[in-house]
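Student:
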Amino acid sequence: MQELAESPGPLVESSGKYAYETEEYLLQINDIVEVTIKTTSPELNAIFGSIADDSQASAQMGGSQGAGDAFFMNGYTIDEQGMVEIPLIGEVKLLGLSTGQAKVLVEQEVLKYVNANEFFIRVRLGGVRFSALGEFRSPGKFTILQNRVTIYEAIAFAGDLTTVAKRDKVMLIRQYPDGSQVHKINLLDRELLGSEFYFLKPNDMIYAEPMKVRELGAGTNVVETLTLLTTTITAIALVLTLIKN
374 MQELAESPGP
384 LVESSGKYAY
394 ETEEYLLQIN
404 DIVEVTIKTT
414 SPELNAIFGS
424 IADDSQASAQ
434 MGGSQGAGDA
444 FFMNGYTIDE
454 QGMVEIPLIG
464 EVKLLGLSTG
474 QAKVLVEQEV
484 LKYVNANEFF
494 IRVRLGGVRF
504 SALGEFRSPG
514 KFTILQNRVT
524 IYEAIAFAGD
534 LTTVAKRDKV
544 MLIRQYPDGS
554 QVHKINLLDR
564 ELLGSEFYFL
574 KPNDMIYAEP
584 MKVRELGAGT
594 NVVETLTLLT
604 TTITAIALVL
614 TLIKN
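Residue numbers (my numbering): 374 to 618.
(1) Please tell me whether T472 and V487 are closer than 7 angstroms, where the distance is taken between their beta carbons.
(2) Hey, how far is the Cα of F492 from the Cα of I420?
(3) Select from A475, L470, S511 and I462 the residue whose C-alpha is nearest the C-alpha of L484.
(4) On the CB-based measure, 16 or more other CB atoms within 10 Å of its CB, does A440 come out buried or exposed?
(5) DSSP state of P498, grouped into three classes?
(6) Which residues mark the beginning and the end of the beta strand (DSSP E) in which A529 is found?
(7) For R563, which of helix, strand or coil comes out of DSSP?
(8) Along the chain, where does the beta strand (DSSP E) containing E482 start, and where does it finish?
(9) Any contact of the region 553-561 with the region 498-514, i.e. 3+ C-beta pairs under 8 angstroms?
(10) When DSSP builds the beta bridges, which residues end up paired with A505?
(11) Return helix, strand or coil for F421, following the three-state DSSP convention.
(12) Quick check on this structure: which residue in S553, L506 and E396 has the alpha carbon closest to the alpha carbon of A625?
(13) Could you check the C-alpha separation between Y391 and I524 for me, to the nearest Å?
(14) E482 and V465 look like a contact to me (Cβ under 8 angstroms); what is the Cβ gap, rounded to whole Å?
(15) Which class does E416 belong to by DSSP, given the choice of helix, strand or coil?
(16) Would you decide whether E407 is buried or exposed? Buried here means 16 or more other CB atoms lie within 10 Å of its CB.
(17) Counting along the chain, where does the beta strand (DSSP E) carrying Y549 start and finish?
(18) Could you tell me the distance, in whole angstroms, from the CA atom of P583 to the CA atom of E453?
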């Protein structure tokens, strides 16, 4: 039996651990929330449960992007005044609250119609919605049905970056209560793992800029680039031949 050769270096190299910065997300205008209310009353369930049941059924059938459409059609969108309108309860202001705080507020309203311990409430975001623009293989708008999504997961969901994307200067446009702000992200920096930008927030926009080679018209793969170079060299040779003649 042949002996294994001794490795010239360590089998595994690991970095130090990076603590996640898990700042609690506060609901904003245009966020879509799922509010599930179940009670011991069939009559109230018929009112409260119809929207949540439709959303969940459509989500299970439609996959990630289809589910996003289902939540858009059947979830509760926070309007310009920060309100959502729930059947029977009426308008409830959720702007600036965490999903946990929103749940407590909805519970207080439901208690007007149902006794304590006779209902169940769940409030959560209708997935993480984001846009991927620029040098992505499959750019577009996406919804991932998870409570949190890393920026690397989002990039993978959009088909990964193209070969000419600037990985050290990716623009992240994030919404805040007082407006939007642009952040430049270095995807190659390990410190990103412990920053507030490692996890996406709803309605984030990611824009991948092209490198200079794209601005000069080079292709996105070896075949395209070689074809371009061959054409250019042939054209130059033809011009030189014409000049000599």
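Glycine is no exception: its CB is placed at the ideal position from the N, C-alpha and C atoms. Since we're looking at a predicted model, the values are computed, not measured.
Tutor: With the structure as the only source:
(1) Numbered from its first residue, the sequence shown carries residue 472 at position 99. Numbered from its first residue, the sequence shown carries residue 487 at position 114. No, the pair does not count as a contact, with Cβ atoms beyond the cut-off.
(2) Taking the sequence shown and counting its residues from 1, the one referred to as residue 492 is at position 119. Taking the sequence shown and counting its residues from 1, the one referred to as residue 420 is at position 47. So the alpha carbons of these two residues sit roughly 13 angstroms apart.
(3) What you label residue 484 is simply residue 111 of the sequence shown in a count that begins at 1. Residue I462 is the option with its Cα nearest to L484.
(4) Position 67 of the sequence shown, counted from the start, is the residue given in the question as residue 440. Legend: pLDDT at A440 = 48, less than 50; position of this residue unreliable, value from coordinates given subsequently. The residue is buried, with at least 16 neighbouring Cβ atoms inside 10 Å.
(5) Counted from its first residue, the sequence shown places residue 498 at position 125. Correcting the residue type first, residue 498 is Leu in the shown sequence and not Pro. Looking at L498 - three-state DSSP - the assignment turns out to be strand.
(6) Position 156 of the sequence shown holds residue 529. From DSSP, A529 is part of no beta strand (DSSP E) but of the alpha helix (DSSP H) over I524 to F530.
(7) By one-based count along the sequence shown, residue 563 stands at place 190. In the structure shown, R563 sits in a helix (DSSP, three-state: H, G or I).
(8) Against the sequence shown, residue 482 aligns to sequence position 109. Looking at the DSSP string, E482 is not in any beta strand (DSSP E); the run it does join, the alpha helix (DSSP H), is T472 to V483.
(9) no
(10) Here the question's residue 505 lines up with position 132 in the sequence shown. Answer is G513 and I579, bridged to A505.
(11) For the purposes of this step, residue 421 is identified with residue 48 of the sequence shown, where counting begins at 1. In the structure shown, F421 sits in a helix (DSSP, three-state: H, G or I).
(12) Only positions 374 to 618 of the chain appear in this structure, which leaves residue 625 out of reach.
(13) For the purposes of this step, residue 391 is taken as residue 18 along the sequence shown, with counting starting at 1. For the purposes of this step, residue 524 is taken as residue 151 along the sequence shown, with counting starting at 1. Rounded to the nearest angstrom, the two C-alpha atoms are 15 angstroms apart.
(14) Reading the sequence shown from its first residue, position 109 is the one you call residue 482. Reading the sequence shown from its first residue, position 92 is the one you call residue 465. Yes, they are in contact, since the Cβ atoms of E482 and V465 sit about 6 angstroms apart, within 8 angstroms.
(15) Position 43 of the sequence shown, counting from 1, holds the residue named residue 416. In the structure shown, E416 sits in a helix (DSSP, three-state: H, G or I).
(16) For the purposes of this step, residue 407 is taken as the residue at position 34 of the sequence shown. Burial call: buried.
(17) Taking the first residue of the sequence shown as 1, we reach residue 549 at position 176. Its beta strand (DSSP E) spans residues A538 to Y549.
(18) Translated into the one-based positions of the sequence shown, residue 583 becomes position 210. Translated into the one-based positions of the sequence shown, residue 453 becomes position 80. Going by the C-alpha atoms only, they are around 36 angstroms apart.
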